[in-house]
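Residue numbers (my numbering), protein chains in the order written: chain A, 1 to 430; chain B, 431 to 860; chain C, 861 to 1290. A short write-up of the structure that comes next.
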């Protein structure tokens, strides 16, 4: 239970708020590279941490992310002309480059130096992993990119998507870090039959999840602070002399990575667009082989962690709050726990259903919420530390992100968070 | 004319407001029984007196009306699974029965007693007259159901519907208690011809309305406080030695019953969903015979007092504020006073047209508004009395509701409100 | 740059605000005469300076503009019956004439004089130039109509339209008075070719614009206060011993007239509907000949300064903010500066794109903004003067409006604003 004041502190992201300032110390995924498909392609409106911006790719292929409104008389640069290495306002032709410099001001006299005095807010952008990343903090503190594994696998091994989610980013992170809900929200009604099938498959593959996941329906949860964020472990009895451990990571300031298969990994980022909306990013990748064309086609139209999007819309999910996620009550009665198609969409239904910013003074947390509590405390602590002058460690140390989720079978007396087997399971491969 | 402060007092219905507390002393119609058509049917969202709730019918057929959000982490129980005598949250499987008890909490250890400490707000529900009734007040004060006649006629003799109305409940009641508007809002342009036809019909049937209603276009209005609410009488000269009286009743806290035909009666309830929306209930019933299939079919698609609803919507009128009630100006010029089809829809056009909460400091009341003034005073008085510790009499005495509207032909020196002929005309038949 | 407090002062138009009071000293175009096509035609909703009104044409052809809500119980008179020289409320039949007098009150006794005490707010209306004009100020100060030329040419020589614009009126005026934007916002990409064609045409016609406009891409701007408002001149070098001058006028309180062709003139009025919406009026007329049927057909469907409207809507532009003005990015790359069709629509894209009330503390004004600064100062000064008791001169002197825009070729030492050639170019012809 969080009192209102703390809830505000946790969830507000505008410039000058404690959480907003913390977030502005990190590189942030803002667009797919393909959202700006080529030189001089159409400008794109994006709001990020409550700031209304416009993105464009210039003639040289560089990405600009600048204030939406022209410095002159505030016309909307979304309608601007993207031409010759700059975005030109349609009102009076003032033109800006990707650094926000006013590089042409045709309304002034030719000998005027007014243009030199005009500068739009502009955030540096870099591309990695098919994604445009930006940094909205103090120039002097601009760090290196976080060293995510998914940015370093070949393009063929990776699929990335994002969609608008109609709630504050923290309750989305809470869903991401919360392993306990999968057995309900994402389950089917024939889980007994499923579990049998999994076990059979596990006997052939040696996949730990297949073999052990269903053996204990009341896993114990553990959480520990780390340099990158919070490590959450769930421990299951196996009926043998070992525990089956699954690991879910929260990485500062808004990433989660759920335990998935041994070779195919996934991350989420929940990026605040403003206080009441976030972008839910899904990074799926295989460590060794290309994703099959069939799988990619499935992801593109909504599959795995990737939501189905309204064709022609700017990352709006087809199944969304306004249509009750196209819930099918008959399917809910006979096939799946929710009657809602899509893992992401199932998450939206609970996370958005709470209201845009959930009132955490009402909640009643239980034993499975240990990771959530640890994540909130971490965000609080880091934002408080920053207020007091201590920069967040992970922002400046991109190497701490060289991890992925995983699982392990450990002796009952092993250190759940320190055992070499665990470290190996969680280490990135590059 | 009501100053703003009094208008607020009259119209606000949230928990803790004087009017909200008064309303919470009464049983309230909340859903049609057929809105929850069978055991384990789909949950239904309903907001009542500003409280966001979800209703469901459990496996045993009992109706639950509980807080919309799960006690755990506030997921929306509308998306919940209605199964085995409880509504189960899709996020982590917490399950609630119709009393709001948490009856299963699968995320906790098997020996945990956390579930016993968790309780959702739940309001008791009863079904009568094809309607689900609820009581949102203090448990200790829960009264018996009001003894409305329509709950006691055979099901075949009755038709009940409700629709969302986009204004505060008080201005809807004001329309219900106001007999003077029928001669305008609900009239046709050939009323002279109509009156002739009625008189002819009256000569055959002896129906008082047919014989006398049109003889006096300036009826006098009278109002008197009663144990159930306010009795409003309108007196017409007949050109003979008797007066023709018609009676319209306001019954605490939001019922009206307009004078209709001798054997077919009707009631309205205007139930606040929140401060700016109400549910307009229409109860039509015949005292002696079943309603014909033809009549019921007509009511179902919009007829009599029953509004036409958008198919598949949750009680949204087809003719509504957003489409100007599909007003037909040509029809208004040539056939009807409004050019709007439907008695209810005609009411909506004037009641919703005032704004969601009418500014009563602007109004100029006249001689026909006597009933309205009496109704407001009554609501004020009862809410003030309750604040001072006096419980509303009618809430605890369901027998005062054994009435219906009616009319009477009385000697000019008779007591308009006490004459035995009047009491007979207004008495319920069971 | 205007601080927020001054921006509020400049833009707010409600009754009692300094700017609202100033505007209420002037006649205001409110509807096309054809919006009320004939006696007893359908009532029309209109909000003007933030006041919710209803307009109707009575049986005698007079136009009424009265409070939207009935004096009795605030029913919406838009749904009223327009009959026998008055608008009758559908609730209880109270009827109002064009002066707002209650001329029938059928709910009261026949000998009642209550109707005589009831009066709705009503504003006097006059028709001129196919337009209904109203005056919302003190009765005693009601002036004569402004003597606009377009009201005095034959009906065949004139085309008038209006459309809803989704922003405050001042930023719309700023667009109207700003000649500098035409070379960008309203330009095509082949302007070089266009300029050649114009020059060729100019050599034949002697039209000054065709000959000289393209010779200087950095005109100098000058502004001067006048009795009617502000005269803005733009000076171009011609490469000869004369300057080419173009004149753009701001006429109090919301008119602009852009320099156009020698014989065909145009005016705009930007009338505040409320603080965040205005009506953009366009008056096009020829001084000597009828507009061709082809031209009128073009204006009717969106052409010249006239926006294309959604058929059946009440003056809503087809290309509007909600659909990004149907911008065609391919067309923007290859044909026009904006990719948006329509001069008006191009203006909307920049004026509405700023937000409903632009934050003028962000702007950076340049040398081409001289007219805008002068216009704002004038509105400020006049509203301050009025607060201090000085009535606006132009409101009471309709003859100052006998002007139109124009251009002139002047010796380099001529008075740009006083030369007889200028006065001739700007003088109305009647």
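We treat Cβ as the ideally placed atom computed from N, Cα and C, and that holds for glycine. Quantities reported herein were computed from a predicted structural model and do not represent experimental measurements.
At a cut-off of 8 Å, the C-beta of residue 516 of chain B has no neighbouring C-beta in chain A. Within the same chain, and ignoring the five residues on either side of residue 718 of chain B in sequence, the residues whose Cβ sits closer than 8 Å to its Cβ are 587 and 693.
For the 8 Å CB-CB criterion, residue 13 of chain A and residue 23 of chain A form a contact.
The continuous stretches of alpha helix (DSSP H) do not include residue 190 of chain A, and DSSP gives it neither H nor E. Secondary structure at residue 169 of chain A: helix, using DSSP grouped into helix, strand and coil. According to the DSSP secondary-structure assignment, residue 1200 of chain C is paired through a beta bridge with no residue.
If you check the CB distance, residue 632 of chain B and residue 552 of chain B do not come in under 8 Å.
For residue 220 of chain A, the uninterrupted beta strand (DSSP E) segment begins and ends at 220-225. Straight-line measurement puts the Cα of residue 232 of chain A at about 13 Å from the Cα of residue 415 of chain A. Proximity of chain C to residue 789 of chain B at the Cβ level (cut-off 9 Å) is accounted for by 929 and 934, in chain order. Ranked by how close their Cα comes to the Cα of residue 654 of chain B, the residues B:641, B:681, B:715 and B:673 have B:681 in first place. If one requires a minimum length of 3 residues, the beta strand (DSSP E) runs lying completely within the segment 977-1027 of chain C are 985-988, 991-995 and 1018-1025, in chain order.
Annotated as proximal: residue 492 of chain B and residue 528 of chain B, with beta-carbon spacing under 8 Å. When rounded, the separation of the alpha-carbon atoms in residue 743 of chain B and residue 467 of chain B is 16 Å.
About 6 Å separates the beta carbons of residue 1222 of chain C and residue 74 of chain A, which is inside the 8 Å limit, making them a contact pair.
As for any alpha helix (DSSP H) of minimum length 4 sitting wholly inside the segment 901-984 of chain C, the runs are 974-977, ordered along the chain.
When Cβ-Cβ separations below 8 Å define contact, residue 350 of chain A makes contact with chain B.
Look at residue 1142 of chain C here: in three-state DSSP terms it is strand. Cβ-Cβ distances below 8 Å link residue 789 of chain B to 434 and 437 in the same chain, with the five nearest sequence neighbours on each side left out; the list follows chain order. By the beta-carbon neighbour count (other beta carbons within 10 angstroms, threshold 16), residue 678 of chain B is buried.
Where residue 696 of chain B is concerned, the enclosing beta strand (DSSP E) starts and stops at 694-704.
Assigned with DSSP and collapsed to three states, residue 672 of chain B falls in strand. Rounded to whole angstroms, residue 534 of chain B and residue 541 of chain B show a C-alpha spacing of 12 Å.
Residue pairing by DSSP places residue 237 of chain A opposite A:243 in a beta bridge. Annotation: residue 171 of chain A to residue 163 of chain A spans about 16 Å, alpha carbon to alpha carbon. With a contact defined as Cβ atoms closer than 8 Å, residue 802 of chain B and residue 604 of chain B qualify at about 5 Å. The Cβ-Cβ distance between residue 185 of chain A and residue 350 of chain A falls below 8 Å.
With contacts defined as CB atoms closer than 8 Å, residue 532 of chain B and residue 599 of chain B fail to qualify as a contacting pair.
Taking 7 Å as the Cβ-Cβ cut-off, the segment 949-960 of chain C approaches chain B at 950, 951, 952 and 953, given in chain order. Secondary structure at residue 1188 of chain C: coil, using DSSP grouped into helix, strand and coil. Among the bridge pairs identified by DSSP, residue 841 of chain B is matched with B:672. Per the coordinates, the alpha-carbon of residue 1264 of chain C lies some 49 Å from the alpha-carbon of residue 749 of chain B.
Here residue 1163 of chain C is buried: its Cβ has 16 or more other Cβ atoms, across all protein chains shown, within 10 Å.
Residues of the segment 393-421 of chain A whose Cβ lies closer than 7 Å to any Cβ of chain B: none.
Beyond the five residues adjoining it in sequence on each side, residue 1216 of chain C comes within less than 7 Å, by CB distance, of 1026, 1027, 1028 and 1136 in the same chain, given in chain order.
Residues of the segment 968-998 of chain C with a Cβ closer than 9 Å to any Cβ of chain B, in chain order: 968, 969, 970, 972, 974, 977 and 978.
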